Amino acid sequence: GHAAKFASLIGRILAELTVTGSTRHPIAPFALDRPALTDPSFVPTFRLHGAAAASPSG
């Protein structure tokens, strides 16, 4: 899968959180208390940018 390319970044974020309690990377969109997970009336919206948005067939 494609997840392997993010392994070093995720490792760095986890190390920073473990050692200092914070990270310089923007991780707020992944918070466990974000509205997408806690608000039953949350309506998801998706934003696509670039060529993939202009041409769904590729």
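Residue numbers 37 to 94, in my numbering, belong to the letters of the sequence shown in order. Just so you know, even glycine gets a beta-carbon here, dropped at the ideal spot from N, CA and C. Because the structure is a prediction, the values reported are computed rather than measured.
- Cβ atoms of Ala67 and Pro80 stay farther apart than 8 Å, at about 16 Å.
- Here DSSP, grouped into helix, strand and coil, assigns Ala67 to coil.
- Here the alpha carbon of Ala40 sits roughly 31 Å from the alpha carbon of Asp75.
- Just so you know, the alpha carbons of Phe42 and Ile49 end up roughly 11 Å apart.
- Following the DSSP letters along the chain, one finds Ala39 in no alpha helix (DSSP H), marked with neither H nor E.
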